[in-house]
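Per this note's numbering, the very first residue in the sequence shown carries number 1468; after that it's consecutive.
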Amino acid sequence: MKTLENLDQNKIYVLGVSGGPDSMALMEMCRLQNLTFVVAHMNYQKRDSALRDENIVRDYCRTYDIPCFVEKQKKECVGNFQAFAREERYAFYKQLMDQYHGEAVVLAHHLDDHLETYMMQKQRNSHGEYYGIKEDTYLYGCRIIRPLMHYTKQDLLAYCIEHHVSYGFDESNFSNDYTRNRIRHTYIDHMTRNEKEQLAKEIQLKNEQLESCMKKVSSFLNTWEEDVETLQKQDKNMMQRILRTWIYQKIHIHISEKLCTELSLMLENKNNWVKNITSEYGIYKEYGRMFVGKLENMSYCYQYDSIQWEETPYFKITKEGKSVEALTLQPNDFPITIRNVRKGDVIQLRFGKKKIHRWFIDRKIPSWERKIWPVVENAIGDIVLVPQIGCDISHFSNNPNIFVVK
């Protein structure tokens, strides 16, 4: 269990402090533990008591000579406010982490928060990589430590009263406008400590089972060649867990249970298809293989005045490679351009001109690979190499001076 005693007194921490009893108790504990920290307070200016809470934090920090940074949120919220607020808050933490070379961001999430999150996940039938709240994790480029997970909200309130620490209540927490508040008021507030601890043990067991499952998923993905046949050999639950994890690894988007079920059913369709995940990303199934990426046409173009050894997201220029990646360039070929293939591109091979897209079709190259397949174009606009097809007849030799690898 992560506790304050595990934090290093020789490191610098960033404390997220709202002014409520939870985070004020955390700050008092960190001070009494002689930890070195700076305080980050985000004022969203959304409620009448926001300035009161800001002043509570400022006054405490002023009393004990603690560096205190306040960010007044002025950006216009687009979409869900909770998601927007979280992103802005963590960007603020990251800024201070970089400025002070911080070890971690320390937050005051507690046992009740952990249980509420678990109940929300169950209600939404969500399948993440962890149930509840992790004590030590990484978010938005920051290491996050939550050392108060064995305290209840009531424990922290009592701590503030006992140590004469000022705090303010966020009145929005008293309404049932948010799912978390409804769960708190309906269930968590009526549970005994023993019931909370029993539920925490249930969550721990589920996380141990989930960890074992995720190891199997990771092992599968490490060797999977993104073919549908191998995926369909898994049982339904495992297949859906693999799909969710694979998509998240590729584009960092958690898909819904409904979409995951829909995708697993679509895999039974032998035809090629594309399914939108968001307005920007989609999942493709073609020629028995799968791909997830952006829906719009992707394009790139690199120009070189001389031979350079370089690696890009689409190709690399090397001194060694296969014969179908080899090219012999002369000074009059420069500047060369390496770009993605376009409609109508052809290359002059020994047996005649070859339409590149015809080659794609013959080889059953999926459409997502075609979009980013590189070609090398010389100074007069001739395509002189298509990796895995080869070079044109005028640029072939037994001593190539460049290899372009897809």
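The C-beta atom is built at its ideal place from N, Cα and C for all residues, glycine as well.
Shortest Cα-Cα distance from Leu1563 to any of Phe1818, His1576, Val1537 involves Val1537. Residue pairing by DSSP places Thr1804 opposite Gln1770, Glu1844 in a beta bridge. If you compare the alpha carbons of Val1808, Gly1487, Cys1858, Asn1477 with that of Ser1633, the shortest gap goes to Gly1487. Each residue's CA atom was taken as its position, placing Leu1518 and Gln1500 some 28 angstroms apart. Spanning the alpha carbons of Asn1845 and Ile1803 requires a straight line of approximately 5 angstroms. Within the segment 1476-1517, the beta strand (DSSP E) runs of at least 3 residues that lie entirely inside it are, in chain order, 1479-1483, 1503-1510. Residue state for Ile1823 is assigned as helix, using DSSP reduced to three classes. Secondary structure at Val1632: coil, using DSSP grouped into helix, strand and coil. Taking the Cα of Leu1623 as reference, the smallest distance to any Cα among Asn1592, Asp1579, Gln1588 is reached at Asp1579. In the structure shown, Asp1812 adopts coil according to DSSP, grouped into three states.
The beta carbons of Lys1717 and Val1759 sit closer together than 8 angstroms. At the C-beta level, Val1506 and Ile1533 come within 8 angstroms of one another. Counting only runs of 4+ residues, the alpha helix (DSSP H) found wholly inside the segment 1705-1793 occupies 1724-1733, in chain order. In its chain, beyond the 5 residues on either side, Glu1495 have a beta carbon closer than 6 angstroms to the beta carbon of His1630. Ala1558 carries a helical assignment under DSSP once its states are collapsed to helix, strand and coil.
In this structure, the alpha-carbon of Leu1816 lies about 19 angstroms from that of Val1872. The residues Ile1722, Val1759, in chain order, have a CB closer than 6 angstroms to that of Ile1714 in the same chain once the five nearest residues on each side in sequence are set aside. Judged by beta-carbon spacing, Ile1611 lies within the 8 angstroms limit of Thr1604, meaning their Cβ atoms are closer than that value.
Per the Cβ contact rule, the segment 1854-1872 is not in contact with the segment 1745-1762 (fewer than 3 Cβ pairs under 8 angstroms). Rounded to whole angstroms, the Cβ separation of Tyr1598 and Ile1670 is 5 angstroms, and the two are in contact under 8 angstroms. DSSP lists Arg1610 as the beta-bridge partner residues of Tyr1605. In the DSSP assignment, Ala1667 falls within the unbroken alpha helix (DSSP H) covering 1660-1690. By the Cβ neighbour-count rule, Gly1848 is exposed, with fewer than 16 other Cβ atoms within 10 Å of its own. Bridge pairing for Lys1539: Asn1510 [DSSP]. In the structure shown, Ile1850 falls within a strand segment according to DSSP collapsed to helix, strand and coil. Relative to Asn1866, the option among Glu1792, Met1706, Trp1840, Asn1799 whose CA is nearest is Glu1792. For Asp1694, the secondary structure class from DSSP, reduced to helix, strand or coil, is strand. In the DSSP assignment, Ile1533 falls outside any beta strand (DSSP E), carrying neither H nor E.
Listed as beta-bridge partners of Leu1615 by DSSP are His1577.
Within its own chain, the residues whose Cβ lies closer than 6 angstroms to the Cβ of Cys1609, once the five positions on either side in sequence are excluded, are Tyr1560, Lys1561, Met1564, Val1572, listed in chain order. If you look at Ile1869, you'll find it in the beta strand (DSSP E) that goes 1869-1872. Secondary structure note for Glu1596: it is in no alpha helix (DSSP H), with a DSSP letter that is neither H nor E. With a beta-carbon spacing of about 7 angstroms, Ile1823 and Val1842 fall inside the 8 angstroms limit used to define contacts. In the same chain as Trp1826, and ignoring 5 residues on each side of it, the C-beta atoms closer than 7 angstroms to its own belong to Ile1856, in chain order. Close CB contacts of His1577 within its chain, under the 7 angstroms cut and outside five residues either way in sequence, are with Asp1489, Leu1615, Met1616, Tyr1618, Thr1619, Lys1620, Leu1623 (chain order).
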